[in-house]
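Structure record follows, encoded as structure tokens.
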Amino acid sequence: MIVRRKTRRITLGDVGIGGDSPISVQSMTNTDTSDVAATVAQIQELQKAGCELIRVAVPDKNAAHALRAIRDAISIPLIADIHFDYRLAIAAMEHGAQGIRVNPGNLGGSEKLGQVVDAATMHGVPIRVGVNSGSVEKDLLEKYGYPTTESPRSLIESAMRNVGYLEKRNFHDLKISIKASDVLTTISAYRQLADTTDYPLHIGVTEAGGLIGGTVKSSVALGILLFEGIGDTFRISLTRPPVEEVRVGFELLRSLKIRERGPELISCPTCGRTGIDLFGLAEKVEEFVQTMKSPLKVAVMGCVVNGPGEAKEADIGVAGGKGTGIIFKKGKIFKKVDESELMEVFLAELQQMEFDRRGESAFRTSS
Ligand code: SF4
Numbered sequence: 088m089i090v091r092r093k094t095r096r097i098t099l100g101d102v103g104i105g106g107d108s109p110i111s112v113q114s115m116t117n118t119d120t121s122d123v124a125a126t127v128a129q130i131q132e133l134q135k136a137g138c139e140l141i142r143v144a145v146p147d148k149n150a151a152h153a154l155r156a157i158r159d160a161i162s163i164p165l166i167a168d169i170h171f172d173y174r175l176a177i178a179a180m181e182h183g184a185q186g187i188r189v190n191p192g193n194l195g196g197s198e199k200l201g202q203v204v205d206a207a208t209m210h211g212v213p214i215r216v217g218v219n220s221g222s223v224e225k226d227l228l229e230k231y232g233y234p235t236t237e238s239p240r241s242l243i244e245s246a247m248r249n250v251g252y253l254e255k256r257n258f259h260d261l262k263i264s265i266k267a268s269d270v271l272t273t274i275s276a277y278r279q280l281a282d283t284t285d286y287p288l289h290i291g292v293t294e295a296g297g298l299i300g301g302t303v304k305s306s307v308a309l310g311i312l313l314f315e316g317i318g319d320t321f322r323i324s325l326t327r328p329p330v331e332e333v334r335v336g337f338e339l340l341r342s343l344k345i346r347e348r349g350p351e352l353i354s355c356p357t358c359g360r361t362g363i364d365l366f367g368l369a370e371k372v373e374e375f376v377q378t379m380k381s382p383l384k385v386a387v388m389g390c391v392v393n394g395p396g397e398a399k400e401a402d403i404g405v406a407g408g409k410g411t412g413i414i415f416k417k418g419k420i421f422k423k424v425d426e427s428e429l430m431e432v433f434l435a436e437l438q439q440m441e442f443d444r445r446g447e448s449a450f451r452t453s454s
């Protein structure tokens with residue numbers, strides 16, 4: 088059983104992070120933030136996929152000024168990602184950002200940081216102290232070396248130094264991230280950080296890669312950390328449309344039995360008994376279940392002989408035969424359907440099941 092590390096709780100908008108709050112899944116847009124229509128459209132797509140917090144890049148004034156209109160059109164907390172320019176951090180908060188991600192040491196000195204902290208206090212905006220391998224200060228690199236699996240100390244010291252800048256100003260409404268692109272360094276760094284502080288942690292692997300590489304790296308690193316109870320919110324970084332980050336994020340939580348959202352798809356790997364175009368069928372069903380909210384188990388199996396038995400824990404499933412397929416429920420045949428109509432009939436059954444269970448919550452949380 089996973090025993091979650093005890094952390095302080097902060098809130099961004101109406102989403103709690105840390106404490107007893109569910110581990111939240113977040114993502115980041117890749118649109119030009121000053122293009123309000125495109126950014127809102129992408130966030131709305133992410134919301135539909137379950138994204139609970141969204142971060143947008145704020146590289147200039149236009150982007151900062153667009154935040155108000157974006158926030159008004161979405162229903163999840165909006166986080167501004169700022170690099171170096173303290174004025175943008177302040178402008179972002181003035182224009183509605185409900186969280187900011189900065190590296191306090193890079194904002195141009197103590198006085199400028201003080202202004203950012205004052206604005207965050209005034210607007211009630213939590214700050215994510217985000218450091219990564221590339222941003223560790225020179226003196227820490229000289230003292231501890233470049234962060235590695237064996238010695239990630241420079242990352243932790245850098246994060247805690249930046250946290251110290253905020254604490255000195257009596258600001259504690261914060262979470263921390265320390266990102267590396269290496270899986271083992273990420274794990275050892277977060278373990279040490281978790282032993283050092285009780286602030287909530289945003290975990291992730293930076294520059295993880297494309298769909299397959301990025302998913303594997305993130306799942307290994309975050310899976311191990313979450314299993315050890317470390318991590319209060321996370322983003323799966325992928326060089327892919329952000330909606331895929333959210334899907335992977337929820338699959339990760341589901342696989343650890345931490346949270347479930349929407350149906351779980353079970354599909355067989357196919358073999359010489361496969362009696363249908365299973366890849367095509369699985370792809371269509373996978374797309375369809377993204378629109379569903381009930382926590383059902385849905386199976387897509389290649390043959391009628393073994394499919395229902397192999398997937399008997401599924402609430403509903405489909406299995407292909409020669410010319411005729413079957414729909415089964417909990418391992419028992421429910422309907423035989425001509426192959427030409429199998430997809431249509433199965434999707435209609437799924438829709439009906441979703442309708443029947445609509446009263447159930449989209450989320451199940453077990454920790
Ligand atoms: Fe092969 Fe049938 Fe099992 Fe799929 S369900 S792997 S087709 S035996």
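Residue numbering for the sequence shown follows our numbering, starting at 88 and increasing by one per position.
Even for Gly, the Cβ is constructed at its ideal location relative to N, Cα and C.
In this text, all values refer to a predicted model and were calculated from it rather than measured experimentally.
Fill in: Coarse secondary structure for E294, derived from DSSP in three states
coil
Worksheet item: Got a sec? Which residues, its chain only, sit under 7 Å from A369 by beta carbon, not counting five neighbours each side?
Response: S354 and V387
Item to complete: Could you tell me whether any Cβ in chain C is nearer than 8 Å to the Cβ of I274?
Response: Of the protein chains in the structure, only one exists, and it is not chain C.
Discussion item. My output table needs one value for G105: the three-state DSSP class, helix, strand or coil.
Written reply: strand
Worksheet entry | Runs of alpha helix (DSSP H) lying entirely within the region 228-292, each at least 4 residues, in chain order | 240-254 and 270-283
Fill in: Distance cut-off 7 Å: R142 Cβ against heavy atoms of the ligand SF4
no
Worksheet item: If you count every other CB in all the chains shown that lies within 10 Å of the CB of P287, and 16 or more means buried, which is it?
Response: buried
Discussion item. Measuring only the C-alpha atoms, how far is G137 from E229?
Written reply: 43 Å
Worksheet entry | Pocket of the ligand SF4 defined by Cβ to heavy atom distance under 6 Å | C355, P356, T357, C358, R360, T361, M388, G389, C390, N393, G394 and E397
Worksheet item: For Y231, which residues from the same chain have a beta carbon less than 8 Å from its beta carbon, with the 5 sequence-adjacent residues on both sides left out?
Response: S238, R240, S241 and E244
Worksheet item: If you drop the 5 nearest sequence neighbours on each side, which residues of the same chain put their C-beta closer than 8 Å to that of L261?
Response: I97, P213, I214, R215, V216, V250, L253 and Y286
Discussion item. Between the alpha carbons of L154 and F421, how many angstroms are there, rounded?
Written reply: 51 Å
Fill in: Continuous alpha helix (DSSP H) stretch holding E441: start and end
E426 to D443
Fill in: Contact the region 418-433 vs the region 335-343: 3+ CB pairs below 8 Å
no
Fill in: Contact under 8 Å by Cβ, P350 with M379
yes
Practice prompt. Take S448 and list the residues in its own chain whose beta-carbon comes closer than 7 Å to its own, dropping the five residues that flank it on each side.
Written response: Since pLDDT at S448 reaches only 48, below the 50 mark, its modelled position is unreliable, and no value is offered.
Fill in: Contact set for L56: own chain, Cβ-Cβ below 8 Å, skip 5 residues either direction
Nothing in the structure corresponds to residue 56, since the chain is present only between 88 and 454.
Item to complete: Look at L365 and G407 and say whether their C-beta atoms are less than 8 Å apart.
Response: yes
Worksheet item: Which runs of the alpha helix (DSSP H) spanning at least 4 residues fall entirely within the region 116-203, listed in chain order?
Response: 123-135, 148-160 and 173-181
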